[in-house]
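Student: With my numbering as the guide, the letters of the sequence shown map in order to residues 67 to 509.
Ideal Cβ placement from N, Cα and C applies to all residues, glycine included.
Got a structure here, written out as structure tokens. Questions coming.
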Amino acid sequence: MLGTHDTDRRTFSDHDVTFVQSVANTLATAITRHRDELALVRQREQLAALNDLNRTIRETTDAIIDQSTRTEIERTVCEYLTNAESYTFAWIGEVDVASQTVEPRAAVGADGYLDEITVTVDPADERSEGPTGRALRTGETQTVQNIDAADTHDPWRDQVREYGFRSAAAVPVAYDGTTYGVLNVYADRPNAFERRERAVIDQLGAVVGHAIAATERKQALMSDEVVELEFRIEDILGALDVDGDATGTVAIEHVVAVEDDEFRVFGHADETGVGTVDALVEALPHWTDVTVRGEGEQPNFEAHLSEPPVLSSLASVGGSVERAVIEDGDYWMRIHVSPGTDVRQLIDTVKESYPAATLLKRRQRSNHEDRGYRPDLLTSELTDRQRTALETAYFAGFFEWPREADGTDVADSLGVSPPTVHQHLRKAERKVFDALFSAAPGA
């Protein structure tokens, strides 16, 4: 409000009023223009930051594809983020299950900051209330737009001020149900992670998680060493609240990942074991259907599983089911994962899904001690689709004589057309034979 004042008592003239109104209108226009200019400047800054972030994400995605280990991927992400103008510090941490603390795996910028602080995921500890702890507990991206005004950083207030952090984001690094850690990014300006920036950086967590999963799967396939875990569940049907008695024998021989969280399980069962398989399909939501092929005392079966928690977690780290048998009512499962896998998290997943599960054995062993050849050398050139088609066809009985499954059956299992299946099979067969005969003695 604009007004005029005088020490003498008098009546203001129309001219005085008009003048004051004119000045007020001029000031109002100037103030509005100034606000608009400030808003425009902020909008331009946000757009520049968003463009910078988009470019950084593209460059980071391209860069991590070329990395061969998880450590290299994590270091590359932090380097590319801090090379951008928008961010001053980036680090990736993972949970130490024993201590409930978040331990750094890679960090670039703000040297010494992580040595001075402790972050936990324990809900009873105030050091878990920052964006890092909340992101790990909720599985969702967390942001703080103005650290100075937020009490979530009170445990580290002195350090935050010393390093000049004004806003922060914590992004879960996860893929296919497995959380590998959390990516933390800091800026020296407030409001650095508003809606559009948050949406972009949120995608980076999934990209990094996917890259880590792919790397660990490759390492698991090529590694000479594996970690072997063996579990037992007594009275499997009772443990799963499934009506019936698990009589007979059911043996799972192979598991094929058809696509994300979709699996084909191949095995055989005796006459009474087939009833156990039917009971599982009827009672468990992730056992969606089963096809029994062949006749005789031990017919083969093919089951479709959708989003099974253990298989999904196992596939995300490149692990494999080496043995799975239901015998005399009890379930026995042996799995292999690479030595770099977070084994504790995998064990927790098994026990969360099957509380009655008992870990019988954990040991590190040679991946090939039971066989004198390297099958990975024959299949290393296959694409994921070619390998999936070849495995599905083989375990479905496509190569048996007489055939237990034809091209249409395999196509139905994979959800593609028969010509597509035959194309994948022909290319896969060619690559396997090339590898086999080029490696043969005297070739």
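By alpha-carbon positions, which one of D472, S372 and F297 ends up nearest to D326?
Tutor: Numbered from 1 along the sequence shown, position 260 holds the residue referred to as residue 326. Comparing Cα positions, the closest option is S372.
Student: For the stretch 256–271 against the stretch 224–242, are there 3 or more C-beta pairs whose distance is under 8 Å?
Tutor: yes
Student: Pull up the CB-CB distance for L448 and A494, whole angstroms please, since I reckon it's below 8 Å.
Tutor: What you label residue 448 is simply residue 382 of the sequence shown in a count that begins at 1. What you label residue 494 is simply residue 428 of the sequence shown in a count that begins at 1. Indeed, because the Cβ distance is near 6 Å, the residues count as touching under 8 Å.
Student: What does H402 pair with, by DSSP beta-bridge criteria?
Tutor: Walking along the sequence shown from the start, residue 402 turns up at place 336. In DSSP, H402 forms a bridge with E294 and S386.
Student: Determine, using beta-carbon pairs with one atom in the stretch 145–154 and one in the stretch 242–253, whether at least three such pairs fall under 8 Å.
Tutor: yes
Student: Check whether the Cβ atoms of E319 and F461 sit closer than 8 Å, and answer yes or no.
Tutor: Taking the first residue of the sequence shown as 1, we reach residue 319 at position 253. Taking the first residue of the sequence shown as 1, we reach residue 461 at position 395. With a cutoff of 8 Å on beta-carbon distance, E319 and F461 are scored as near each other.
Student: Quick one: give me the first and last residue of the alpha helix (DSSP H) that V452 is part of.
Tutor: Position 386 of the sequence shown, counted from the start, is the residue given in the question as residue 452. Going by the sequence as given, residue 452 is Gln instead of Val. Where Q452 is concerned, the enclosing alpha helix (DSSP H) stretches over D450 to A462.
Student: So, for L426: in the same chain, excluding its five sequence neighbours on each side, which residues have a beta-carbon less than 7 Å away from its beta-carbon?
Tutor: The residue given as residue 426 occupies position 360 in the sequence shown. Answer for L426: E296, F297 and R298, listed in chain order.
Student: For the stretch 459–479 and the stretch 351–371, state whether three or more C-beta atom pairs, one from each stretch, are separated by less than 8 Å.
Tutor: Enough Cβ pairs lie closer than 8 Å, so yes.
Student: Count the other CB atoms, across all protein chains shown, that sit within 10 Å of the CB of E155; report buried if there are 16 or more and exposed otherwise.
Tutor: Numbered from its first residue, the sequence shown carries residue 155 at position 89. Per the sequence shown, the amino acid found at residue 155 is Phe instead of Glu. F155 is buried by the Cβ-count criterion.
Student: Pull up the CB-CB distance for R264 and T209, whole angstroms please, since I reckon it's below 8 Å.
Tutor: To locate residue 264, count along the sequence shown from 1; it is residue 198. To locate residue 209, count along the sequence shown from 1; it is residue 143. R264 to T209, Cβ: 6 Å. Contact.
Student: Look at the Cβ atom of G196, then the Cβ atom of T218, and state whether they are nearer than 8 Å.
Tutor: Within the sequence shown, the letter at position 130 stands for residue 196. Within the sequence shown, the letter at position 152 stands for residue 218. Closer than 8 Å, so yes.
Student: Suppose the cutoff is 6 Å on Cβ atoms and the five residues either side in sequence are ignored; what does the same chain contact list for W398 look like?
Tutor: On the sequence shown, residue 398 is found 332 positions in, with the first residue counted as 1. Excluding residues within five positions, the ones whose Cβ falls inside 6 Å are R298 and V391.
Student: Can you round the beta-carbon distance between E470 and G360 to whole angstroms, since I take them to be within the 8 Å contact cut?
Tutor: As a first step, residue 470 must be located in the sequence shown, where it is residue number 404. As a first step, residue 360 must be located in the sequence shown, where it is residue number 294. Going by Cβ atoms, the distance from E470 to G360 rounds to 6 Å, so yes, they are a contact pair.
Student: Using the Cα positions of P421 and D414, report the straight-line distance between them to the nearest angstrom.
Tutor: Here residue 421 refers to the residue found at position 355 when the sequence shown is read from its first residue. Here residue 414 refers to the residue found at position 348 when the sequence shown is read from its first residue. Answer to the nearest angstrom: the Cα atoms are 10 Å apart.
Student: What span of residues does the beta strand (DSSP E) with D162 cover, start to end?
Tutor: Stepping through the sequence shown from its first residue, residue 162 is reached at position 96. F155 to D162 is the extent of the beta strand (DSSP E) around D162.
Student: By how many angstroms is the C-alpha of L350 removed from the C-alpha of L16?
Tutor: Not covered by the structure: residue 16. The range shown for the chain is 67 to 509.
Student: Mapping the DSSP letters down to three states, classify S432 as helix, strand or coil.
Tutor: By 1-based counting over the sequence shown, the position of residue 432 is 366. In this structure, S432 counts as strand in the three-state DSSP scheme.
Student: Using CA atoms only, rank isn't needed, just tell me which of A323, I302 and D307 is closest to T313.
Tutor: For this step, residue 313 is matched to residue 247 along the sequence shown. If we check each option's Cα against that of T313, I302 comes out closest.
Student: Taking the straight line between their C-alpha atoms, what separation do you get for D191 and D220?
Tutor: Position 125 of the sequence shown, counted from the first residue, corresponds to residue 191. Position 154 of the sequence shown, counted from the first residue, corresponds to residue 220. Each residue's alpha carbon lies about 12 Å from the other.
Student: Which residue from I97, E388 and L456 puts its Cα closest to that of E294?
Tutor: Locating residue 294 in the sequence shown gives position 228, counting from the first residue. Ranking I97, E388 and L456 by Cα distance to E294 puts E388 first.
Student: What's the call for F499, buried or exposed, on a 16-neighbour Cβ count within 10 Å?
Tutor: Numbered from 1 along the sequence shown, position 433 holds the residue referred to as residue 499. In summary, F499 is exposed, with fewer than 16 beta-carbon neighbours lying within 10 Å of its beta-carbon over all protein chains present.
Student: Short of 8 Å in beta carbon distance, which residues of its chain neighbour R437, apart from the five on each side in sequence? Order them along the chain.
Tutor: Counting from 1 along the sequence shown, the entry for residue 437 is found at position 371. Confidence in R437 is poor, its pLDDT being 47 and thus under 50, which makes the residue's placement too unreliable to answer from.
Student: Inspect the beta-carbon positions of V168 and T142 and report whether they are closer than 8 Å.
Tutor: Position 102 of the sequence shown, counted from the start, is the residue given in the question as residue 168. Position 76 of the sequence shown, counted from the start, is the residue given in the question as residue 142. Going by C-beta atoms, V168 is not nearer than 8 Å to T142.
Student: Just how far apart, CA to CA, sit Q452 and V487?
Tutor: Along the sequence shown, read from residue 1 onward, the residue named residue 452 stands at position 386. Along the sequence shown, read from residue 1 onward, the residue named residue 487 stands at position 421. Near 9 Å, if we compare the C-alpha coordinates of V487 and Q452.
Student: Take R492 and list the residues in its own chain whose beta-carbon comes closer than 8 Å to its own, dropping the five residues that flank it on each side.
Tutor: Looking up residue 492 in the sequence shown gives position 426. Answer for R492: no residue qualifies.
Student: Run the CB neighbour count on R496, radius 10 Å, all protein chains shown included, and call it buried at 16 or more, exposed below.
Tutor: Residue numbering aside, residue 496 sits at position 430 when the sequence shown is read from its first letter. Around the beta carbon of R496, a 10 Å sphere encloses fewer than 16 other beta carbons of the protein chains shown; the residue is thus reported as exposed.
Student: Note down the Cα distance separating A176 from Y229, rounded to an integer number of angstroms.
Tutor: As a working mapping, residue 176 is identified with position 110 in the sequence shown. As a working mapping, residue 229 is identified with position 163 in the sequence shown. C-alpha separation (whole angstroms): 7 Å.
Student: Please look up how many angstroms separate the CB atoms of V322 and T454, rounded, as I've assumed it's under 8 Å.
Tutor: Numbered from its first residue, the sequence shown carries residue 322 at position 256. Numbered from its first residue, the sequence shown carries residue 454 at position 388. With 8 Å as the limit, V322 and T454 qualify as a contact, their Cβ atoms being about 6 Å apart.
Student: How close, in whole Å, do the beta carbons of V266 and L119 come, if the pair is a contact with beta carbons under 8 Å?
Tutor: In the sequence shown, the residue the question calls residue 266 occupies position 200. In the sequence shown, the residue the question calls residue 119 occupies position 53. 5 Å between Cβ atoms; contact.
Student: Please check the pair F139 and T245, which I expect to be a contact at CB under 8 Å, by giving their CB distance rounded to whole angstroms.
Tutor: Stepping through the sequence shown from its first residue, residue 139 is reached at position 73. Stepping through the sequence shown from its first residue, residue 245 is reached at position 179. What sits at residue 139 in the sequence shown is Ile, not Phe. About 15 Å; that fails the 8 Å criterion.
Student: Could you check if W467 is buried or exposed, using at least 16 other CB atoms within 10 Å of its CB as the buried criterion?
Tutor: Here residue 467 corresponds to residue number 401 of the sequence shown, with the count starting at 1. So W467 ends up on the exposed side.
Student: Work out the CA separation of Q133 and H490 for me, nearest whole Å.
Tutor: Residue mapping note: residue 490 aligns to position 424 of the sequence shown, counting from 1. Residue mapping note: residue 133 aligns to position 67 of the sequence shown, counting from 1. About 28 Å.
Student: Tell me whether V403 is buried or exposed, calling it buried when 16 or more other Cβ atoms sit within 10 Å of its Cβ.
Tutor: The residue labelled residue 403 in the question sits at position 337 within the sequence shown. V403 is buried by the Cβ-count criterion.
Student: Looking only at its own chain, which residues have a Cβ that is under 6 Å from the Cβ of G181, when we skip the five neighbours before and after it?
Tutor: Stepping through the sequence shown from its first residue, residue 181 is reached at position 115. Before going on, a small fix: residue 181 reads as Asp here, not Gly. Cβ neighbours of D181 beyond the five flanking positions: none.
Student: Is DSSP giving G508 helix, strand or coil here?
Tutor: Within the sequence shown, numbered from 1, the residue matching residue 508 stands at position 442. Low local confidence applies: a pLDDT of 40 at G508 is under 50, so the model's placement there is unreliable, with the coordinate-based value given in what follows. If DSSP states are grouped into helix, strand and coil, G508 belongs with coil.
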